[in-house]
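Colleague: Numbering (the UniProt record's numbering), first residue to last: 21 to 358. Beta carbons: idealized from backbone N, C-alpha and C, even for Gly. Handing you this structure, nothing more for now.
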Amino acid sequence: AANRFLVEGSSNLWRADCRAKGGSPGFKVAILGASGGIGQPLAMLMKMNPLVSVLHLYDVVNTPGVTADISHMDTSAVVRGFVGQNQLEDALTGMDLVIIPAGVPRKPGMTRDDLFNINAGIVKTLCEGIAKCCPKAIVNLISNPVNSTVPIAAEVFKKAGTYDPKRLLGVTMLDVVRANTFVAEVLGLDPREVDVPVVGGHAGVTILPLLSQVKPACSFTQEETEYLTSRIQNGGTEVVEAKAGAGSATLSMAYAAVKFADACLRGLRGDAGVVECAFVSSQVTELPFFASRVRLGRNGVEEIYPLGPLNEYERVGLEKAKKELAGSIEKGVSFVRK
Ligand code: NAD
Ligand code: LMR
21 AANRFLVEGS
31 SNLWRADCRA
41 KGGSPGFKVA
51 ILGASGGIGQ
61 PLAMLMKMNP
71 LVSVLHLYDV
81 VNTPGVTADI
91 SHMDTSAVVR
101 GFVGQNQLED
111 ALTGMDLVII
121 PAGVPRKPGM
131 TRDDLFNINA
141 GIVKTLCEGI
151 AKCCPKAIVN
161 LISNPVNSTV
171 PIAAEVFKKA
181 GTYDPKRLLG
191 VTMLDVVRAN
201 TFVAEVLGLD
211 PREVDVPVVG
221 GHAGVTILPL
231 LSQVKPACSF
241 TQEETEYLTS
251 RIQNGGTEVV
261 EAKAGAGSAT
271 LSMAYAAVKF
281 ADACLRGLRG
291 DAGVVECAFV
301 SSQVTELPFF
311 ASRVRLGRNG
321 VEEIYPLGPL
331 NEYERVGLEK
341 AKKELAGSIE
351 KGVSFVRK
């Protein structure tokens with residue numbers, strides 16, 4: 021496209037494009053909000069992912085510099101940068117996976133819902149671009165408040181006639197990453213050996229770790245359960261307070277986003293048994309969206325697993341989570357409908 025800027029020399033670009041079209045199952049991935057605190061390390065980690073053949077970096081500022089920098093990494097993905105709204109369509113055309121960390125982060129004292137007024141409009145505009153330019157792409161939505169931005173994206177896609185609930189996933193992976201870390205600490209295990217399902221949504225009490233289903237099988241005292249649940253639910257706030265006005269989690273989020281995007285790409289490739297937690301259109305509860313374990317495949321979400329047996333503490337937590345989630349979902353839906 022005429023208006024995209026390229027950082028590679030033209031012959032190198034030609035070679036890289038040939039390589040990208042070659043035998044390996046490379047996927048085309050766009051990051052929207054690529055110059056931000058999450059976007060930059062996420063772009064770097066995606067450039068290191070062998071499943072990625074083309075990486076498009078879009079933001080309203082600073083993508084020329086980020087793209088020039090990342091394009092020098094000696095990995096095979098071809099990197100292209102796009103800056104400003106009039107380059108959004110070029111950034112999105114032909115993409116298999118779109119990851120969205122665009123939007124403002126929290127400062128101390130704010131809730132994720134306090135970001136709604138700014139981020140809802142940003143997500144709406146970006147999703148309108150997706151509906152137009154790559155309606156079949158898998159979308160990984162990171163921008164907060166996730167409990168509302170995912171319903172916003174769904175409504176935008178419905179309006180455009182492109183909605184496929186299997187392809188829209190709110191990223192709750194950071195909650196799982198934190199849960200694995202904090203539980204491993206309590207159990208004295210390597211976090212890589214620990215798997216904690218976290219269901220519900222991505223804000224406060226809607227983040228519901230299922231500690232009764234931790235693998236490897238283990239048990240916790242009531243005190244441990246309360247400490248772990250509270251630490252996992254408040255992990256985001258812990259980072260916001262530690263950063264003292266300079267933003268929220270970026271590095272652990274980029275790590276979690278890449279872990280999740282890689283699972284989506286392995287699913288697209290046809291790998292069997294790819295299962296992660298995500299906030300998706302769901303019939304697991306009476307709510308239209310809910311985070312739980314999902315199996316990822318060639319079409320995105322291929323299967324949504326039921327919550328499994330919950331203990332009394334988790335049943336009480338589930339009711340609280342559902343109450344808050346219902347309002348956040350409705351807020352997102354009515355933002356687009358009205
Ligand atoms: P940041 O401010 O550092 O970066 C955001 C980027 O978005 C900036 O580069 C900005 O220019 C860009 N942007 C703004 N408007 C845009 C638009 N219309 N189109 C494209 N890009 C645009 O913020 P951050 O720390 O990277 O956080 C980004 C978002 O991710 C926040 O909403 C934050 O709350 C959220 N977040 C979610 C999770 C999660 O677990 N889902 C975790 C951490 C942060
Ligand atoms: C997180 O969980 O770290 C993110 O949702 C950012 C935040 O505002 O806490």
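So does E306 have its beta carbon nearer than 7 Å to some heavy atom of ligand 3?
Modeller: Questions concerning ligand 3 fall outside what the structure shown contains, since the ligands it does hold are ligand 1 and ligand 2.
Colleague: Under the three-state reduction of DSSP, which class applies to N200: helix, strand or coil?
Modeller: Helix at N200.
Colleague: Using DSSP with H/G/I as helix, E/B as strand and the rest coil, what is V86?
Modeller: Of the three classes helix, strand and coil, the one that applies to V86 here is helix, per DSSP.
Colleague: Once you ignore the five residues that flank M87 on each side, which residues in its own chain have a CB closer than 6 Å to its CB?
Modeller: It is worth fixing the name first, because residue 87 is Thr in this sequence and not Met. Correct list, in chain order: V27, L77, V99 and G101.
Colleague: Do V216 and L231 have their C-beta atoms within less than 8 Å of each other?
Modeller: Yes. Within cutoff.
Colleague: For P326 and V304, I'd like the C-alpha separation in whole angstroms.
Modeller: Whole-angstrom Cα-Cα distance: 6 Å.
Colleague: Closer than 7 Å by C-beta to K67: which residues in its own chain qualify, once you throw out the five before and the five after it? Chain order, please.
Modeller: The answer, listed in chain order, is L75, I90, M93, T95, A97 and V99.
Colleague: If you measure between the beta carbons of L112 and C153, is that distance less than 8 Å?
Modeller: Yes. Within cutoff.
Colleague: Among V49, K186 and I120, which residue has its Cα nearest to the Cα of M273?
Modeller: Comparing Cα-Cα distances from M273 to each of V49, K186 and I120, the minimum goes to I120.
Colleague: If the criterion is Cβ atoms closer than 8 Å, does the pair M193 and F280 meet it?
Modeller: The answer is yes: Cβ separation under 8 Å.
Colleague: For T249, count neighbouring Cβ atoms within 10 angstroms of its own Cβ and tell me buried if that reaches 16, exposed if not.
Modeller: When all chains shown are included, T249 counts as buried.
Colleague: With DSSP run on the structure shown, which of helix, strand or coil describes G208?
Modeller: G208: coil per DSSP, three-state reduction.
Colleague: Hey, would you say G229 sits closer than 8 Å to S348, going by beta carbons?
Modeller: At residue 229 the sequence reads Pro, which differs from the Gly that was named. Taking 8 Å as the Cβ cut-off, P229 and S348 do not qualify as a contacting pair.
Colleague: Are the CB atoms of L108 and G149 within a distance shorter than 8 Å?
Modeller: For G149 and L108, yes; Cβs fall inside 8 Å.
Colleague: In three-state DSSP terms, what is V118?
Modeller: Strand.
Colleague: When you compare only the Cα positions, how much space is there between L285 and V118?
Modeller: Distance between the alpha carbons of L285 and V118: 11 Å.
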